[in-house]
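Residue numbers (this note's numbering), protein chains in the order written: chain A, 1 to 499; chain B, 1 to 250.
See the structure below:
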């Protein structure tokens with residue numbers, strides 16, 4: 001066999017990952033594994049290995065609930081045939097490998113910089129000189145937006161090619177948010193420092209990323225996550241989903257100039273995020289998740305407070321979504337805007353809520369369930385049209401679903417114990433892949449340790465890494481004035497992408 | 001129509017009447033108090049992920065602190081985080097809290113530029129630059145303008161162009177890739193203008209301090225008018241900080 005099979009969060013010896021010749025590596029993945037519709041690439045990355053580059057590919061099998069891992073060692077600055085020429089979902093992974101290590105691809109259609117990292121292989125490329133796609137034409141014009149945007153949001157550059165009001169093409173250039181976070185995971189030695197880094201990968205997905213890191217680290221150290229910790233993390237993950245989805249509905253209303261919805265969803269979010277402050281002292285839940293322990297045990301009192309918040313939230317939220325989704329002037333802006341067809345979604349390998357809105361049933365809570373999701377009997381919500389309306393509707397339904405899940409969880413609160421961290425150091429020569437379904441979608445962290453148990457590789461993949469391309473494709477043939485609402489309907493992370 | 005009115009009725013009044021005195025719900029970690037109890041200082045210093053704690057006297061630099069509270073969990077008799085969300089000052093050293101102190105963090109009135117009160121006391125338009133911010137401070141700055149916190153009532157607003165702005169608010173540790181856009185934005189803002197650093201990452205680099213991907217040289221060039229601590233900055237910290245600055249008279 002050319003690959004090894006692991007479960008989500010299962011620790012294996014890094015030596016048990018087969019190292020195969022690049023031709024076989026490519027053949028196994030592109031002509032073999034990726035031919036199955038249930039498989040998608042969860043992560044594909046390189047790292048320095050004995051003056052060469054080791055490529056590791058992780059293909060998630062959603063039907064059989066496992067992940068296939070295989071690797072290949074190649075020379076730096078070598079020219080290879082690309083996976084992308086056969087399967088577009090590898091497009092950005094190969095660009096990243098090219099940018100970081102100088103591996104060249106002979107037939108990659110779009111070998112452009114990903115994020116201009118400080119440790120790029122070719123430092124002569126600078127972010128101010130990104131090679132945008134251009135069309136020579138007297139009829140067409142270009143619109144450049146960013147990196148600093150009009151609102152209070154993160155930076156990124158959008159370059160439109162328009163025919164009048166209509167968008168022909170959008171190219172999204174990122175990298176402005178690059179903080180060197182993966183390298184810092186190796187440099188910062190204390191566990192609290194690493195946990196703090198995980199909390200700062202994307203400040204809007206604190207629970208998603210920190211619980212992925214915590215789970216990975218616990219497994220790397222041979223610690224079995226206790227039911228109490230699983231409970232708190234599952235609850236927090238669903239609560240975070242409710243908070244951000246509510247805020248997103250507010251933002252979508254803002255972008256269609258529907259003041260009532262904007263204001264009502266906006267204030268409904270406040271008690272939801274304030275609940276995190278009541279639980280852990282921070283509105284965005286920084287400090288709540290810790291590997292092997294918690295500083296804020298979940299209590300019956302907190303459960304009662306949760307009910308207080310949602311007894312007030314539910315009737316007002318129900319009333320508001322009913323009004324929004326019955327309002328012809330709102331629906332006219334949402335329906336058939338920013339469409340990503342199922343075919344496109346599958347071909348570029350998008351994940352998470354945006355994939356489900358396009359009819360692709362991809363949800364880690366079902367396919368690689370961890371913790372309590374099996375017990376909750378999770379059923380992903382899937383829509384078919386892939387437009388802004390579907391992405392708004394899925395938020396509404398996922399909010400109700402998450403509320404139901406938390407209510408179920410609260411029926412059986414485990415005895416709360418405050419744990420003292422007694423984690424061992426990570427096992428030497430190990431590999432762990434950890435997948436979590438955050439509110440945005442699939443989050444994947446991978447780690448490799450050396451013979452002393454020190455991290456030599458830490459790889460983070462936010463949902464946004466897959467999904468930015470979906471946004472760029474969704475706006476084609478739309479009016480440029482609909483761009484903001486398309487953008488909001490995805491609500492992708494810049495810092496989660498740029499790392 | 002009737003439905004909309006019903007929603008408006010249920011919405012009721014959502015704004016916080018007095019943002020300067022309201023108590024935050026739950027267990028917010030704001031300004032810490034450090035007691036004079038003797039503890040193993042070496043161990044205490046070692047806990048902090050961002051080296052915000054120093055010895056002799058024991059002090060916490062809120063410009064570096066991530067407000068994770070781990071020091072207070074390990075040494076509850078020594079360190080206690082209060083719910084005081086007023087965490088802003090115009091001097092970097094004003095963010096350092098030492099043992100035995102329990103006084104509000106305040107501005108140094110002597111170094112507040114005179115034109116700030118005169119020109120911006122009733123209206124301050126700000127341009128926000130996220131320079132590798134993790135979107136948590138950005139979130140909270142947006143929240144400062146929502147119907148609950150409603151800082152617009154004080155004439156404080158974020159605007160879409162530096163040309164319309166009286167100053168810039170920087171969040172994030174300032175990546176190398178954002179150094180130039182930040183400079184361009186600052187240059188495009190008409191004089192007189194102020195600079196506000198919002199959040200631990202902006203003030204000190206936070207957990208990213210020392211990363212090779214940062215370029216914080218912009219901060220050495222200009223006087224910073226306001227430092228607002230937090231991870232992220234709480235909307236009330238931001239509103240109170242800015243209000244304090246623009247309404248401060250000697």
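A virtual CB, placed ideally from N, CA and C, is assigned to each residue, including glycine. Predicted, not measured: the structure shown is a model, and the values here were computed from it.
Checklist entry - Based on the DSSP secondary-structure assignment, which residues constitute the bridge partners of residue 4 of chain A? => result Locating residue 4 of chain A in the first chain gives position 4, counting from the first residue. According to DSSP, residue 4 of chain A bridges with A:69.
Next on the checklist: Could you pull the DSSP bridge partners for residue 98 of chain B from this structure?
Outcome noted: In the second chain, residue 98 of chain B corresponds to position 98, counting from 1. According to DSSP, which records beta bridges pairwise, residue 98 of chain B is partnered with B:59.
Next on the checklist: Going by beta-carbon coordinates alone, are residue 66 of chain B and residue 50 of chain B separated by less than 7 Å?
Outcome noted: As a first step, residue 66 of chain B is located in the second chain; it is residue number 66 there, counting from the start. As a first step, residue 50 of chain B is located in the second chain; it is residue number 50 there, counting from the start. It is a contact, given that the beta carbons lie within the stated cut-off.
Checklist entry - For residue 179 of chain B and chain A, any beta-carbon pair shorter than 7 Å? => result For this step, residue 179 of chain B is matched to residue 179 along the second chain. Closer than 7 Å: no.
Next on the checklist: Here's the rule I'm using: 16 or more other beta-carbon atoms within 10 Å means buried, otherwise exposed. How should residue 237 of chain A be labelled?
Outcome noted: The residue you call residue 237 of chain A lines up with position 237 of the first chain. Residue environment: residue 237 of chain A is assigned as buried (16 or more neighbouring CB atoms within 10 Å of its CB, all protein chains considered).
Checklist entry - Enumerated in chain order, which unbroken segments of the beta strand (DSSP E) with a length of 3 residues or greater are wholly contained in the stretch 65 to 114 of chain B? => result Entirely contained in the stretch 65 to 114 of chain B, the beta strand (DSSP E) runs reaching 3 residues are, in chain order, 79 to 81 and 96 to 98.
Item to check | First and last residue of the uninterrupted beta strand (DSSP E) at residue 32 of chain B | outcome: As a first step, residue 32 of chain B must be located in the second chain, where it is residue number 32. Counting along the chain, the unbroken beta strand (DSSP E) around residue 32 of chain B starts and ends at 32 to 34.
Checklist entry - Closer than 7 Å, CB to CB, is residue 569 of chain A near chain B or not? => result Nothing can be reported for residue 569 of chain A: it is not among the residues displayed for chain A, which extend from 1 to 499.
Next on the checklist: Contact criterion: CB-CB distance below 7 Å. Does residue 239 of chain B meet it with respect to chain A?
Outcome noted: As a position in the second chain, residue 239 of chain B is number 239, starting the count at 1. For residue 239 of chain B, the closest Cβ of chain A is not nearer than 7 Å.
Checklist entry - Are the stretch 241 to 253 of chain A and the stretch 221 to 232 of chain A touching, with three or more C-beta to C-beta distances below 8 Å? => result Counting C-beta pairs closer than 8 Å gives fewer than three between the stretch 241 to 253 of chain A and the stretch 221 to 232 of chain A, which falls short of the contact rule.
Item to check | Cβ pair residue 324 of chain A, residue 330 of chain A closer than 7 Å | outcome: On the first chain, position 324 is the one that residue 324 of chain A refers to. On the first chain, position 330 is the one that residue 330 of chain A refers to. With respect to residue 330 of chain A, residue 324 of chain A sits close: the two C-beta atoms are nearer than 7 Å.
Next on the checklist: Can you tell me whether residue 464 of chain A is helix, strand or coil according to DSSP?
Outcome noted: Along the first chain, one-based indexing puts residue 464 of chain A at 464. Three-state DSSP puts residue 464 of chain A in a helix.
Checklist entry - In the stretch 225 to 279 of chain A, which residue ranges form an unbroken alpha helix (DSSP H) of at least 4 residues, counting only runs that do not cross its ends? => result With a minimum length of 4 residues, the continuous alpha helix (DSSP H) runs that stay inside the stretch 225 to 279 of chain A are 227 to 255.
Next on the checklist: Any beta carbon of chain A sitting closer than 7 Å to that of residue 128 of chain B?
Outcome noted: The residue you call residue 128 of chain B lines up with position 128 of the second chain. Yes - at least one Cβ of chain A is within 7 Å of the one on residue 128 of chain B.
Item to check | Three CB pairs or more closer than 8 Å across the stretch 223 to 230 of chain B and the stretch 195 to 213 of chain A | outcome: The stretch 223 to 230 of chain B is not in contact with the stretch 195 to 213 of chain A.
Item to check | Given 8 Å, three or more beta-carbon pairs between the stretch 60 to 72 of chain A and the stretch 364 to 383 of chain A | outcome: These segments touch.
Checklist entry - Out of curiosity, what's the CA-to-CA distance linking residue 130 of chain B and residue 199 of chain A? => result Taking the second chain and counting its residues from 1, the one referred to as residue 130 of chain B is at position 130. Taking the first chain and counting its residues from 1, the one referred to as residue 199 of chain A is at position 199. Cα to Cα, residue 130 of chain B sits roughly 17 Å from residue 199 of chain A.
Checklist entry - Who are the neighbours of residue 3 of chain B on chain A, taking C-beta pairs under 7 Å? => result Position 3 of the second chain, counting from 1, holds the residue named residue 3 of chain B. Neighbours of residue 3 of chain B in chain A, taken as residues at a C-beta separation under 7 Å, are given in chain order as 323.
Item to check | chain B contact residues for residue 118 of chain A, given Cβ-Cβ distances below 7 Å | outcome: Residue 118 of chain A sits at position 118 when you count from the first residue of the first chain. The contacting residues are 176, 212 and 213.
Item to check | Contacting residues, own chain, Cβ-Cβ under 6 Å from residue 347 of chain A (five flanking each side not counted) | outcome: Start at 1 with the first residue of the first chain, and residue 347 of chain A comes out as number 347. Hits under 6 Å: 88.
Checklist entry - Nearest-angstrom Cα distance between residue 35 of chain A and residue 371 of chain A? => result Walking along the first chain from the start, residue 35 of chain A turns up at place 35. Walking along the first chain from the start, residue 371 of chain A turns up at place 371. Residue 35 of chain A and residue 371 of chain A have their C-alpha atoms some 30 Å from each other.
Next on the checklist: Please give me, in chain order, every unbroken run of the beta strand (DSSP E) with length at least 3 that falls completely inside the stretch 11 to 55 of chain A.
Outcome noted: Listed in chain order, the complete beta strand (DSSP E) runs (minimum 3 residues) inside the stretch 11 to 55 of chain A are 39 to 49.
Checklist entry - Closest to residue 304 of chain A by CA distance: which of A:37, A:409, A:283 and A:46 is it? => result Within the first chain, residue 304 of chain A is the residue found at index 304, counting from 1. A check of alpha carbon separations from residue 304 of chain A across A:37, A:409, A:283 and A:46 identifies A:409 as the nearest.
Next on the checklist: Let me confirm a value: residue 178 of chain B is counted as buried when at least 16 other C-beta atoms fall within 10 Å, else exposed. Which label applies?
Outcome noted: Here residue 178 of chain B refers to the residue found at position 178 when the second chain is read from its first residue. Around the beta carbon of residue 178 of chain B, 16 or more other beta carbons lie within 10 angstroms, which makes this residue buried.
Item to check | Among A:322, A:76, A:381 and A:477, the one whose alpha carbon lies nearest that of residue 6 of chain B | outcome: Position 6 of the second chain holds residue 6 of chain B. With distances taken between Cα atoms, residue 6 of chain B lies closest to A:322.
Item to check | Amino acids of chain A, ordered along the chain, whose beta-carbon sits closer than 9 Å to that of residue 251 of chain B | outcome: No answer is possible for residue 251 of chain B: the residues shown for chain B start at 1 and end at 250.
Next on the checklist: Which same chain residues end up closer than 8 Å to residue 20 of chain B when comparing Cβ atoms and leaving out the 5 residues on each side of it in sequence?
Outcome noted: By 1-based counting over the second chain, the position of residue 20 of chain B is 20. Non-local beta-carbon contacts of residue 20 of chain B in its own chain, meaning distances under 8 Å to residues more than five positions away in sequence, involve 240 and 243 in chain order.
Next on the checklist: Spatial neighbours of residue 175 of chain A within its chain, please: C-beta separation below 8 Å, excluding the five flanking residues on both sides.
Outcome noted: To locate residue 175 of chain A, count along the first chain from 1; it is residue 175. Cβ neighbours of residue 175 of chain A beyond the five flanking positions: 113, 114, 115, 116, 117, 127 and 498.
Checklist entry - What alpha helix (DSSP H) runs, 4 residues minimum, are completely inside the stretch 150 to 215 of chain A? => result Secondary structure within the stretch 150 to 215 of chain A: the alpha helix (DSSP H) runs of 4 or more consecutive residues, fully enclosed, are 181 to 187 and 191 to 199 (chain order).
Checklist entry - Any C-beta of chain A sitting closer than 7 Å to the C-beta of residue 155 of chain B? => result Here residue 155 of chain B refers to the residue found at position 155 when the second chain is read from its first residue. With 7 Å as the cut-off, residue 155 of chain B does not count as an interface residue toward chain A.
Checklist entry - Under 9 Å Cβ-Cβ, which residues of chain A neighbour residue 17 of chain B? => result Residue 17 of chain B sits at position 17 when you count from the first residue of the second chain. The contacting residues do not exist; residue 17 of chain B stays about 15 Å from chain A at best.
Item to check | Boundaries (first-last residue) of the alpha helix (DSSP H) holding residue 221 of chain A | outcome: By 1-based counting over the first chain, the position of residue 221 of chain A is 221. Counting along the chain, residue 221 of chain A falls outside any alpha helix (DSSP H), and DSSP gives it neither H nor E.
Checklist entry - Based on Cα-Cα distance, which residue from B:22, B:128 and B:137 lies nearest to residue 195 of chain B? => result As a first step, residue 195 of chain B must be located in the second chain, where it is residue number 195. For residue 195 of chain B, the nearest C-alpha among the options comes from B:128.
Checklist entry - Using a C-beta to C-beta distance shorter than 7 Å, which residues of chain A count as neighbours of residue 203 of chain B? => result The sequence position of residue 203 of chain B within the second chain is 203, counting from 1. Within chain A, no C-beta atom comes less than 7 Å from the C-beta of residue 203 of chain B; the nearest is roughly 14 Å away.
Item to check | Any C-beta of chain B under 7 Å from that of residue 208 of chain A | outcome: Indexing the first chain from 1 puts residue 208 of chain A at position 208. Taking Cβ atoms only, chain B never reaches closer than 7 Å to residue 208 of chain A, which makes this a no.
Item to check | Three-state class that DSSP yields for residue 373 of chain A in the structure shown | outcome: Reading the first chain from its first residue, position 373 is the one you call residue 373 of chain A. Residue 373 of chain A falls in the helix class under three-state DSSP.
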